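Encoded as structure tokens, the structure appears first; notes follow it.
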Amino acid sequence: MSRASKITFALSTLFTVASVVMVYDLQESEREAIAMGPVKDAKRVKEKEEDRLKEQLAKERKKELNRLEHLEQIELKKKYESMQPLSNVTLTAEDE
């Protein structure tokens, strides 16, 4: 074999081996990515559930604060009615 044919053969062999190794690595990385799919989905579902629980707790806290404010307003109404009683009579200019 001539020197040129030996170099051509060596380069083509090297190119082929490099291509096979790159394809193998690519397949391995794709398999790992596919295997990680359910793990990522589980994590996403867990985060979504945690967010839903946080929203629910925030709503319950808001509801409790509203209830406490309502009770406070009832107490204030009683206090002010005792100071200045209200009647259901509406005074108009004709009544005076």
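Residue numbering for the sequence shown is 16 to 111, as defined by the numbering used here. Each residue gets a CB set at the ideal place from its N, CA and C atoms; glycine is no exception. Predicted model, so just to flag it, every value in this text is computed and none were measured.
Here's a check: name, in chain order, each residue in its chain whose Cβ is nearer than 6 Å to the Cβ of residue i, leaving out the five neighbours to either side.
i	result
L86	none
D66	none
T31	none
For residue i, which residues from the same chain have a beta carbon less than 8 Å from its beta carbon, with the 5 sequence-adjacent residues on both sides left out?
i	result
M98	none
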